[in-house]
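**Student:** If you scroll down you'll find the structure; I have some questions about it.
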DNA sequence: GTCTATAGCCTGATAGAC
DNA sequence: GTCTATCAGGCTATAGAC
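Chains as they are written, first to last, in full-length UniProt numbering: chain A, 1 to 243; chain B, 1 to 243.
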């Protein structure tokens, strides 16, 4: 969420597409990186993200977002004509991060290796992008008013394609005959919990914040329990690069 | 959340305790059940719960709550002097439901039986009280501004007492040597997911709403995977009363 | 492109008749 | 106990000077 220059441009594009009567800006891609525009867009999106998570959509005032971004309030309206456009742009930013994890897994891969990898990636993602996870969670909990289309047109097809691979593995006797979709939900819920409910987790564990060691423990625990739970032997722990 | 006459009274008590300058109402317990007061309190708390979940705290207007409850706006202020008091009363209501599930488990019990029971209870609870789960989740995600004390003074001690039991079972060789606290988080997250993220789950599965059969499947899946994952054999499925 | 000033609306909360 | 009428304040959004 810090070094995503390209996605930021999407923010402006989303805005323009949401509201046809938007500003007269030409395509944002024309601007070179580091220009005032790019810089301000990044500041605004980042500040908005924080405020939306902390205060909710209605609770986040444009004034507070402007203050956090260090810009006058009217500038927010200059870049994003309406508050909802800004909110959608922030969500869009998150989805582009999300989609990086919808990576391809192949029928020929080793199930234990792939699932272990997936679980560790998701835990690492929750650790490094807790705010993204939280805003996404709040949107879904409230009934996904802005993400219904995404769920139906992008997430559902992705899940179905993964289900196919898992079903093949089951047919080949490589893992227990469980319902693949429940396994996907289990991996999502158990890993995201540590980002979304960090306040609860840290309070119960009496910690001020997560440490890398704890994150590794969590990943190993989840990978171990889930893999054994579906009849796989968790692969020996190896050092992994967190992307 | 429909037939909890006793908790409703807590709403008024919470209100009085939160704001010392509250109304001149004498102790709510004096009123007999079914009185106008009780009825209105129930209507207000129920309507407020819905609005808070759907719109968030700031997005839920007292006017909207009043409309949903079928009462004039000023009545809300009569029963709950301030908006935050009403919100805290709703949360308090939820916690009383929650606490019913903090049941005692004994060292002499059979681990597989107890955990299977716990998982099935939690799934059933998510199914029958999705809104309660959602409001609690939103509060925690936003940093638990109103529930910090609850987490520290009630939830944490409860978790610690359960950890002891689980540790004993591990010492007795009854289950694999895992970290008990991660197991508790795993059970919470994987079961609550079906309430909090119902929109995502139902969209991905292309269903309009949950059915009892699906809930049973989910409970069996989670119980099976988690129990096997920690070295236990899931007990044979038996019919259970949902309380 | 930037920012001040302000319009217009809706909010939470209250006063006071019934 | 109930409810109408109203207030002060904060909100999004815009117009227009710079």
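Ideal placement from N, C-alpha and C gives every residue a C-beta, glycine not left out.
(1) Which residue from 37/A, 158/A, 123/A puts its Cα closest to that of residue 211/A?
(2) Please report the distance separating the alpha-carbon of residue 250/B from that of residue 66/B.
(3) For the stretch 136-147 of chain B, enumerate the residues whose C-beta is nearer than 7 angstroms to any C-beta of chain A, in chain order.
(4) Which two residues bound the contiguous alpha helix (DSSP H) that contains residue 212/B?
(5) Which same chain residues end up closer than 7 angstroms to residue 235/B when comparing Cβ atoms and leaving out the 5 residues on each side of it in sequence?
(6) Using the beta-carbon count (16 or more within 10 Å), is residue 161/A buried or exposed?
(7) Any beta carbon from chain A within less than 9 angstroms of residue 217/B's own beta carbon?
(8) Taking 6 angstroms as the limit between beta carbons, can you name the residues of its chain near residue 222/A, skipping five residues before and five after?
(9) Cβ of residue 84/A within 9 angstroms of Cβ of residue 143/B?
(10) Could you work out which residue in 96/B, 203/B, 38/B is closest to residue 151/A when comparing CA atoms only?
(11) So, is the C-beta of residue 49/B closer than 9 angstroms to a C-beta in chain A?
(12) Could you tell me if residue 92/B is buried or exposed, where buried requires 16 or more neighbouring beta carbons within 10 angstroms of its beta carbon?
(13) So which of 231/B, 49/B, 86/B has the shortest CA-CA distance to residue 68/B?
(14) So which residues on chain B does residue 105/A lean against when the C-beta distance must stay under 8 angstroms?
(15) Assuming residue 170/A and residue 177/A are in contact, meaning their beta carbons sit under 8 angstroms apart, how far apart are those beta carbons, in whole angstroms?
(16) For residue 95/A, report the span of its alpha helix (DSSP H) as first-last.
(17) Taking just the CA atoms, how far does residue 72/B sit from residue 179/B?
(18) As a quick exercise: from 229/A, 213/A, 76/A, pick the residue whose alpha carbon is nearest that of residue 220/B.
(19) The stretch 149-180 of chain B: which residues have C-beta closer than 7 angstroms to a C-beta of chain A, in chain order?
(20) I want to verify the contact list: residues of chain B whose CB lies under 8 angstroms from the CB of residue 222/A, in sequence order.
(21) I'd like to check one pair, residue 194/B with residue 185/A: are the Cβ atoms closer than 9 angstroms?
(22) Give the DSSP-derived three-state secondary structure of residue 37/B in the structure shown.
(23) Does the separation of the CB atoms of residue 147/A and residue 95/A fall below 9 angstroms?
(24) Run through DSSP, which three-state label would residue 200/A get?
(25) How many Å lie between residue 168/A and residue 107/A at the Cα?
(26) Is the CB of residue 134/B under 9 angstroms away from at least one CB in chain A?
(27) For residue 214/B, which residues from the same chain have a beta carbon less than 6 angstroms from its beta carbon, with the 5 sequence-adjacent residues on both sides left out?
(28) May I have the straight-line CA-CA distance separating residue 172/B from residue 224/A, to the nearest angstrom?
(29) In whole angstroms, what is the alpha-carbon distance linking residue 181/B and residue 154/B?
(30) I'd like to know if residue 210/B contacts chain A, where contact means its C-beta is closer than 9 angstroms to some C-beta of that chain.
(31) On the CB-based measure, 16 or more other CB atoms within 10 Å of its CB, does residue 26/A come out buried or exposed?
(32) Runs of 4 residues minimum, wholly inside the stretch 104-134 of chain A: which ones carry the alpha helix (DSSP H) assignment?
(33) In chain order, what residues of the same chain lie with their CB nearer than 7 angstroms to the CB of residue 163/A, ignoring the 5 residues before and after it?
(34) Please return the same chain residues whose Cβ sits closer than 7 angstroms to the Cβ of residue 130/B, not counting the five positions on each side in sequence.
(35) Quick one: does residue 237/B have its CB under 9 angstroms from some CB of chain A?
(36) Residues of chain A with a CB under 8 angstroms from the CB of residue 201/B: which are they?
**Tutor:** Concretely, from the data shown:
(1) Mapped onto the first chain, residue 211/A falls at position 211. Looking at the Cα atoms, 123/A is the closest of the given residues.
(2) Residue 250/B is absent from the model: chain B starts at 1 and stops at 243.
(3) 137, 138, 140, 141, 142, 143, 144
(4) Taking the first residue of the second chain as position 1, residue 212/B is located at position 212. 212-229 is the extent of the alpha helix (DSSP H) around residue 212/B.
(5) Within the second chain, residue 235/B is the residue found at index 235, counting from 1. These residues qualify, in order along the chain: 112, 113, 116.
(6) The residue given as residue 161/A occupies position 161 in the first chain. Per the 10 Å Cβ criterion, exposed.
(7) If you number the second chain from 1, residue 217/B lands on position 217. Chain A, which has a Cβ nearer than 9 angstroms to the Cβ of residue 217/B, makes this yes.
(8) Residue numbering aside, residue 222/A sits at position 222 when the first chain is read from its first letter. For residue 222/A, where only same-chain residues beyond five positions count, the Cβ hits under 6 angstroms are 119, 190.
(9) Here residue 84/A is taken as the residue at index 84 of the first chain, counted from 1. Here residue 143/B is taken as the residue at index 143 of the second chain, counted from 1. Their beta carbons are not under 9 angstroms apart, which means residue 84/A does not touch residue 143/B by this criterion.
(10) Stepping through the first chain from its first residue, residue 151/A is reached at position 151. Among 96/B, 203/B, 38/B, the Cα nearest to that of residue 151/A is on 203/B.
(11) Locating residue 49/B in the second chain gives position 49, counting from the first residue. Closer than 9 angstroms: no.
(12) Residue mapping note: residue 92/B aligns to position 92 of the second chain, counting from 1. Buried is the call here.
(13) Sequence index remark: in the second chain, residue 68/B carries index 68 (1-based). Residue 49/B is the option with its Cα nearest to residue 68/B.
(14) If you number the first chain from 1, residue 105/A lands on position 105. Neighbours of residue 105/A on chain B: none; closest Cβ ~17 angstroms, over 8 angstroms.
(15) Within the first chain, numbered from 1, the residue matching residue 170/A stands at position 170. Within the first chain, numbered from 1, the residue matching residue 177/A stands at position 177. Yes, residue 170/A and residue 177/A are in contact; Cβ-Cβ is about 5 angstroms, under 8 angstroms.
(16) To locate residue 95/A, count along the first chain from 1; it is residue 95. Looking at the DSSP string, the run of the alpha helix (DSSP H) that includes residue 95/A is 83-99.
(17) The residue labelled residue 179/B in the question sits at position 179 within the second chain. The residue labelled residue 72/B in the question sits at position 72 within the second chain. C-alpha separation (whole angstroms): 52 angstroms.
(18) As a working mapping, residue 220/B is identified with position 220 in the second chain. Residue 220/B has its Cα closest to that of 229/A, out of 229/A, 213/A, 76/A.
(19) 151, 152, 155, 156, 159, 178, 179
(20) By 1-based counting over the first chain, the position of residue 222/A is 222. Near residue 222/A (Cβ distances below 8 angstroms), the residues of chain B are 182, 186.
(21) Counted from its first residue, the first chain places residue 185/A at position 185. Counted from its first residue, the second chain places residue 194/B at position 194. Yes; because the gap between Cβ atoms is below 9 angstroms, this pair is in contact.
(22) Here residue 37/B refers to the residue found at position 37 when the second chain is read from its first residue. The answer is helix: DSSP assigns residue 37/B an H, G or I state.
(23) Residue 147/A sits at position 147 when you count from the first residue of the first chain. Residue 95/A sits at position 95 when you count from the first residue of the first chain. For residue 147/A and residue 95/A, yes; Cβs fall inside 9 angstroms.
(24) Position 200 of the first chain, counted from the first residue, corresponds to residue 200/A. Residue 200/A falls in the helix class under three-state DSSP.
(25) The count along the first chain starts at 1 and reaches residue 168/A at position 168. The count along the first chain starts at 1 and reaches residue 107/A at position 107. Whole-angstrom Cα-Cα distance: 7 angstroms.
(26) Against the second chain, residue 134/B aligns to sequence position 134. Interface residue, yes.
(27) Taking the second chain and counting its residues from 1, the one referred to as residue 214/B is at position 214. Taken in chain order, the list of residues that qualify is empty.
(28) By one-based count along the second chain, residue 172/B stands at place 172. By one-based count along the first chain, residue 224/A stands at place 224. Cα to Cα, residue 172/B sits roughly 21 angstroms from residue 224/A.
(29) Within the second chain, numbered from 1, the residue matching residue 181/B stands at position 181. Within the second chain, numbered from 1, the residue matching residue 154/B stands at position 154. Roughly 15 angstroms between the two C-alpha positions.
(30) In the second chain, counting from the first residue as 1, residue 210/B sits at position 210. Residue 210/B does not count as touching chain A.
(31) Here residue 26/A refers to the residue found at position 26 of the first chain. Caution is warranted here: a pLDDT of 35 is assigned to residue 26/A, below 50, making its placement in the model unreliable, and the coordinate value is therefore given only provisionally. Exposed, because fewer than 16 other Cβ atoms sit within 10 Å of the Cβ of residue 26/A.
(32) 111-128
(33) Your numbering for residue 163/A matches position 163 in the first chain. If we look at residue 163/A and ignore the five residues flanking it on each side, its Cβ neighbours are 180, 181.
(34) Within the second chain, the letter at position 130 stands for residue 130/B. Excluding residues within five positions, the ones whose Cβ falls inside 7 angstroms are 195, 198.
(35) The sequence position of residue 237/B within the second chain is 237, counting from 1. Chain A contact via Cβ: absent.
(36) Residue 201/B sits at position 201 when you count from the first residue of the second chain. Neighbours of residue 201/B on chain A, chain order: 185.
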